[in-house]
Each structure stands twice: as C-alpha cells, then as structure tokens.
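Asks: The opening position of the sequence shown corresponds to residue 29 in this note's numbering, with each subsequent residue numbered one higher.
Have a look at this one.
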Amino acid sequence: MELVIPIALILLGLALIAAEVYLVPGINIFGIVGLVLIVFAVGYVFTESGPMGGMVTLLGAGAACGLMFWGMWQSGAWERFVLSTSLGRGSGGGERESEQRSTYLGKQGLALTPLRPTGVVEIEGKRIEVVTEGEFISSGSWVRVVAMDRRRFFVRLADTALETPAT
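So this is what it looks like as structure tokens:
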C-alpha cells in the first residue's frame, strides 16, 4: 500500500509529459510539472523504503520514460522536435557559401560609401560589406579584395594601373 502514492505520482507525471507532447506542445508547464512529480515520487520512495526500493523505483521510472520516448518515436510525435527540411542553396550552408565568397578574391569594385574602415563596395553588381586594413578610402574609389575570413572581406585601394577594372 505504501507504493501506491509513488506509482500514482509517476503515472501522473508520465501522463502530463505525454499531454505536453501530444496535446499542448510548446507550453512546457505540463512537462515541467510531470518531471517534478516523477522526481518527487522517486525521492519519496528513497526516503520511505530505503536505497533498494529507491533504486528499483528509479529504474522503473527510467524504463517507463524510455518506453514513452520510444512510443513517441514510433508514433511520429518525435518529428515535431526535429527539423526535417534541409537547407537549400543560398540558405547559408557551409562549403557552397565559402566557395561563392572566394570568387571575390582579387576582384575590383567601386566603394559606394566611405570606408573608414568598414563600408559598402559594389563588385559585379552586388553590394558587399567590406573592411579596409585600417586606412580611410573615400567613396567612388576603386578597391581590390585582398583577403577574406569567415565574416569579412578585406580591401585595399586598387593600383593606379588598375583603377578602371577590365570587364
């Protein structure tokens, strides 16, 4: 009879977690209360029945939670928690973006704003935010992309022989 209360609390906790997943996802209060009830029930058994009863209850509650998560996986409810769409081209994914960005190395462009040291340059019809290596470059000047890192393009004033880019 002394295990009726902890078993009821564990079952109620599991029911609240299931309600969180299936009925009202995103609110989180049911899931939190369910988890607190399960932890309270296991702690109650540890204090009332000793370490052996507590360990058995802990293993039983863990197995019940595992079964519940397995059921979520099998029923498709888990899909709500996992991104199932892939990021397409132009969505900011890794190597492709890096390859596209590296095409600007060595290219020339026109400074649309003063570069002190950051500003905007137009290269091949695209507006790109750039950084100089510390010097001021006035708007309307031709610049060349000399380096890049993961976030920035670094530019210098274009050579006088290359002030007008060959197109």
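For each residue, glycine too, the CB sits at the ideal point set by N, CA and C.
On a predicted model such as this, the values are computed, not experimentally measured, just so you know.
Could you check the C-alpha separation between N56 and E48 for me, to the nearest Å?
Replies: 7 Å
Asks: Between which two residues does the beta strand (DSSP E) holding V183 run?
Replies: 181-185
Asks: If distances are taken between C-alpha atoms only, which option among K154, T131, P142 comes closest to V174?
Replies: T131
Asks: Give the list of continuous beta strand (DSSP E) stretches no shorter than 3 residues that lie fully inside the stretch 45-71.
Replies: none
Asks: Can you list the beta strand (DSSP E) stretches of 3 or more residues lying completely in the stretch 124-149, in chain order?
Replies: 136-139
Asks: Kindly indicate which residue of S169, F164, V32, A92 has the alpha-carbon position closest to the one of V149.
Replies: S169
Asks: Out of R180, L42, F182, L138, point me to the one whose CA is closest to G94's CA.
Replies: Answer by Cα proximity: L42.
Asks: Give the secondary structure of E157 by DSSP, where H, G and I count as helix, E and B as strand, and everything else as coil.
Replies: E157: strand per DSSP, three-state reduction.
Asks: Just to confirm, is the Cβ distance from L44 to F58 under 9 Å?
Replies: yes
Asks: Tell me the DSSP bridge mates of V171?
Replies: G137, L185
Asks: Between the alpha carbons of T75 and R180, how many angstroms are there, rounded?
Replies: 60 Å
Asks: Cα separation between M83 and F97?
Replies: Cα to Cα, M83 sits roughly 21 Å from F97.
Asks: Is the beta carbon of A139 sitting closer than 9 Å to the one on S166?
Replies: yes
Asks: Based on the DSSP secondary-structure assignment, which residues constitute the bridge partners of I151?
Replies: K154
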